[in-house]
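Chemist:
In the working numbering, the protein residues as written are 1437 to 1740.
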């Protein structure tokens, strides 16, 4: 009889455990963003790599926190006086980990590509890194996507002397340029693109390029770029000559996803979208714990 009563008292606990598990998975589905470009990018590149498998098992918030922590470690490593950048390959895996955990971390792609190309002499590897970054941030277009194209164009012309490839990359950089981009890189990209288009030779002469920085046509293009005030979209994003995003032509553009995309690669605690989801999760899990505590207390009273 006592065993039978114990089984009866265990039934509510079993049912509560099942309900809690169901609520956990339901909340995970509810809190997951509708347009999670990060998860999609990871799934498209899912391999036997255990790090990729680990990142797939983590939530977006945990991946961003891990990427931000690694970025701080990389920054500390780079500013160490004991580090020599030339022939330094130890830092490369950390950069790759950042891009695995958060494929929208633009700065990680830029610094890694620059390090591979100019410090390690691995031009093709650098271009492949930038290509991966572009693929991971093209849909929806990240606000700083232009910088990836510019770095690709700069490496192509300075190290590969490939004028055509550089023009293609710089043209794409102009297409996706926005106010979020680094202004110095934006100015340099427009100058370089104008020079390459006006150049009659197929070979790139960097000395001639520097002499032509004062060209009136180039400065005119820069003035047009600096204006960027001929239109303003509903998101407060100003558009003008050379500043267009081509939002209207993109059939799969999602304004809500693009807004959240804006905070990618930054301090995760400053991301309002992340903070809101964490707050919702905290409220939900607190309610579940309270329900569990009340149920266990009722079960104890029944035993008495």
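All C-beta atoms, glycine included, are put in the ideal place defined by N, C-alpha and C.
What residue range does the alpha helix (DSSP H) around residue 1569 cover?
Modeler: Taking the chain shown and counting its residues from 1, the one referred to as residue 1569 is at position 133. Note, residue 1569: alpha helix (DSSP H), 1559-1573.
Chemist: Counting Cβ pairs, one atom from each stretch, are 3 or more of them under 8 Å apart for the segment 1591-1599 and the segment 1617-1627?
Modeler: With a cut-off of 8 Å, the segment 1617-1627 and the segment 1591-1599 do not count as touching, because too few Cβ pairs lie within range.
Chemist: Among the candidates 1498, 1725, 1568, 1514, whose CA atom is the shortest distance from the CA of residue 1532?
Modeler: The residue you call residue 1532 lines up with position 96 of the chain shown. Ranking 1498, 1725, 1568, 1514 by Cα distance to residue 1532 puts 1568 first.
Chemist: According to DSSP, simplified to helix, strand and coil, what is residue 1598?
Modeler: Start at 1 with the first residue of the chain shown, and residue 1598 comes out as number 162. Correct three-state label for residue 1598: coil.
Chemist: CA-CA distance, residue 1727 and residue 1497?
Modeler: Sequence index remark: in the chain shown, residue 1727 carries index 291 (1-based). Sequence index remark: in the chain shown, residue 1497 carries index 61 (1-based). The alpha-carbon atoms of residue 1727 and residue 1497 are separated by roughly 26 Å.
Chemist: Taking residue 1529 as part of the alpha helix (DSSP H), name the residues at either end of that continuous run.
Modeler: Along the chain shown, read from residue 1 onward, the residue named residue 1529 stands at position 93. Taken as a continuous stretch (DSSP letters only), the alpha helix (DSSP H) holding residue 1529 covers 1528-1537.
Chemist: Would you mind giving the Cβ-Cβ distance between residue 1545 and residue 1581, rounded to the nearest angstrom? I have them listed as a contact below 8 Å.
Modeler: Within the chain shown, residue 1545 is the residue found at index 109, counting from 1. Within the chain shown, residue 1581 is the residue found at index 145, counting from 1. About 10 Å separates the two Cβ atoms, so there is no contact after all.
Chemist: Whole-angstrom Cβ separation of residue 1554 and residue 1499, contact assumed at under 8 Å?
Modeler: One-based indexing of the chain shown puts residue 1554 at position 118. One-based indexing of the chain shown puts residue 1499 at position 63. With a Cβ gap of about 29 Å, residue 1554 and residue 1499 do not count as contacting.
Chemist: Note down the Cα distance separating residue 1730 from residue 1724, rounded to an integer number of angstroms.
Modeler: Position 294 of the chain shown, counting from 1, holds the residue named residue 1730. Position 288 of the chain shown, counting from 1, holds the residue named residue 1724. The straight-line gap from Cα to Cα measures roughly 10 Å.
Chemist: Here's the rule I'm using: 16 or more other beta-carbon atoms within 10 Å means buried, otherwise exposed. How should residue 1622 be labelled?
Modeler: By one-based count along the chain shown, residue 1622 stands at place 186. It counts as buried.
Chemist: When we look at the beta-carbon of residue 1589 and count the other beta-carbons within 10 Å, is it buried (16 or more) or exposed?
Modeler: Position 153 of the chain shown, counted from the first residue, corresponds to residue 1589. Classification for residue 1589: buried.
Chemist: Which of helix, strand or coil does DSSP assign to residue 1633?
Modeler: On the chain shown, position 197 is the one that residue 1633 refers to. In the structure shown, residue 1633 sits in a helix (DSSP, three-state: H, G or I).
Chemist: Should residue 1606 be labelled buried (16 or more other beta-carbon atoms within 10 Å of its own) or exposed?
Modeler: Counting from one through the chain shown, the residue named residue 1606 turns up at place 170. So residue 1606 ends up on the buried side.
Chemist: Assuming residue 1541 is part of the alpha helix (DSSP H), what are its boundary residues?
Modeler: Taking the chain shown and counting its residues from 1, one reaches residue 1541 at position 105. Neither: residue 1541 is in no alpha helix (DSSP H) and is coded neither H nor E.
Chemist: Name the residue from 1585, 1513, 1597, 1600 whose alpha carbon lies nearest to the alpha carbon of residue 1617.
Modeler: The residue you call residue 1617 lines up with position 181 of the chain shown. Answer by Cα proximity: 1585.
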